[in-house]
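> Our numbering puts the first residue of the sequence shown at 8, with every later residue one more than the last.
There's a structure below that I have some questions on.
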Amino acid sequence: MLNRAVSTLNIADTRRRVPIGIPRVDEFIQGGLHIGDFVLLEGGIGTGKTIFSTQFVYNATLNEEKAVFASFEEDLPSLKRNMLRFGIDLASLENKGMIRLIDLESLEGAGMGSNIETILNALDEIKAKRLVVDSLTAFLSGAKEKFDYSFLMHLIYKTLKREGITTLMTVSMADKNSLEPTIEEFVADGVFLLENYMKDMELRTRFMIKKLRGTEHSRRYHNVIFTSKGLEILPF
Ligand SMILES: Nc1ncnc2c1ncn2[C@@H]1O[C@H](COP(=O)(O)OP(=O)(O)O)[C@@H](O)[C@H]1O
Ligand SMILES: [Mg+2]
8 MLNRAVSTLN IADTRRRVPI GIPRVDEFIQ GGLHIGDFVL LEGGIGTGKT
58 IFSTQFVYNA TLNEEKAVFA SFEEDLPSLK RNMLRFGIDL ASLENKGMIR
108 LIDLESLEGA GMGSNIETIL NALDEIKAKR LVVDSLTAFL SGAKEKFDYS
158 FLMHLIYKTL KREGITTLMT VSMADKNSLE PTIEEFVADG VFLLENYMKD
208 MELRTRFMIK KLRGTEHSRR YHNVIFTSKG LEILPF
């Protein structure tokens, strides 16, 4: 577990912003996320949630920041192969100790508590500053015991925020976009949305920032394109 007695994060740190690094997103959020922010990335299948989260981790390493990526949905060999297509060599970053990849699907019989502990240990071991959980949906549904809500709140607020770990968790949504907010949406500092839609017989993807505390952010849909480097968000 994270056991550093005293937090290294002070008020000045919490005002600092860390860029997400995906083309144009930071321009829409005044330069980046606040250190220690907890952001949900919602979207249907194939909207680019895993690619976006991997870019978030990869871009951190470009600034010499370490990151942990906990995958519940894709096995690690597939994830590594798919991301190599975008020039992101996760295996090499792992070997250099810049990232830790955790395959939580394979932790057989592991309950929520044990999964949380695995994540916290990995963060502590490499002194990571960013965390991705892909997806929170699978994380919650895979739990053997009843969802221990206060435990999750403890993880996010007491530990991650105190340690200044900026966190992105994906949420797999069905096509229908419910207007009813979830508990996680209330708790999160930010909620981003990736959405597939049809136009001129073509499947397209768009991006919107639904919420980001303490930030004057874009309030419109932005088109998303998949390039050889991953996702790119367009101005309009
Ligand atoms: N090499 C690639 N080049 C262009 N687009 C790709 C490539 N690989 C995947 N995609 C697009 O990304 C989608 C998958 O993105 P992913 O992040 O895995 O989605 P999600 O995690 O939201 O289900 C695919 O359905 C495809 O449209
Ligand atoms: Mg995915």
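Note that beta-carbon positions come from the ideal geometry of N, C-alpha and C, so glycine has one too.
All values derive from a computational prediction rather than experimental measurement.
Leaving out five residues before and five after isoleucine 256 in sequence, what residues of the same chain have Cβ atoms less than 8 Å from its Cβ?
Not covered by the structure: residue 256. The range shown for the chain is 8 to 243.
> Assuming lysine 56 and aspartate 141 form a contact by the criterion Cβ under 8 Å, report the distance between their Cβ atoms to the nearest whole angstrom.
Right, the Cβ-Cβ distance comes to about 7 Å (below 8 Å), so this counts as a contact.
> Where do the ends of the beta strand (DSSP E) carrying asparagine 128 lie?
It is not in any beta strand (DSSP E) - asparagine 128 instead sits in the alpha helix (DSSP H) that spans 119-133.
> Could you say which of Leu219, Phe243, Gly50, Ser235 lies nearest to tyrosine 228 if we only look at CA atoms?
Nearest C-alpha to tyrosine 228: Phe243.
> Less than 6 Å between C-beta atoms, sequence neighbours within five positions excluded: which residues of the same chain meet that for isoleucine 123?
Excluding sequence neighbours, isoleucine 123 sits near Leu162.
> Strictly closer than 7 Å from CB to any heavy atom of ligand 2: give me those residues in the order they appear in the chain.
Spelled out in chain order, the answer is Lys56, Thr57, Glu80, Glu81, Asp141, Ser142, Thr177.
> Glutamate 72: which of Arg213, Ser121, Pro84, Thr173 sits nearest, CA to CA?
Here the closest residue by C-alpha is Thr173.
> Can the beta-carbon of glutamate 202 be found less than 7 Å from the beta-carbon of arginine 211?
For glutamate 202 and arginine 211, no; Cβs fall outside 7 Å.
> So alanine 77 is in the beta strand (DSSP E); what residue range does that whole segment cover?
That run of the beta strand (DSSP E) goes 74-78.
> Answer with yes or no whether the minimum CB distance from valine 75 to chain E is below 7 Å.
The chain labelled as chain E is not found in the depicted structure, where only one protein chain is given.
> Which residues mark the beginning and the end of the alpha helix (DSSP H) in which isoleucine 190 is found?
Its alpha helix (DSSP H) spans residues 190-194.
> Tell me which residues share the same chain as alanine 135 and place their Cβ nearer than 6 Å to its Cβ, disregarding the 5 neighbours each side in the sequence.
Lys73, Ala74, Val75.
> From isoleucine 216 to glutamate 101, what does the alpha carbon distance come to, in whole angstroms?
Cα-Cα distance, rounded: 31 Å.
> Ends of the alpha helix (DSSP H) at asparagine 216?
Sequence inspection shows isoleucine at residue 216; the asparagine mentioned does not correspond to that position. That residue, isoleucine 216, is in no alpha helix (DSSP H); its beta strand (DSSP E) goes 209-219.
> If you draw a straight line from the C-alpha of histidine 224 to the C-alpha of glutamine 37, how long is it?
Between histidine 224 and glutamine 37, the C-alpha separation is close to 7 Å.
> Excluding sequence positions up to five away, which residues of its chain have a Cβ less than 7 Å from the Cβ of threonine 21?
Excluding sequence neighbours, threonine 21 sits near His41, Ile42, Gly43.
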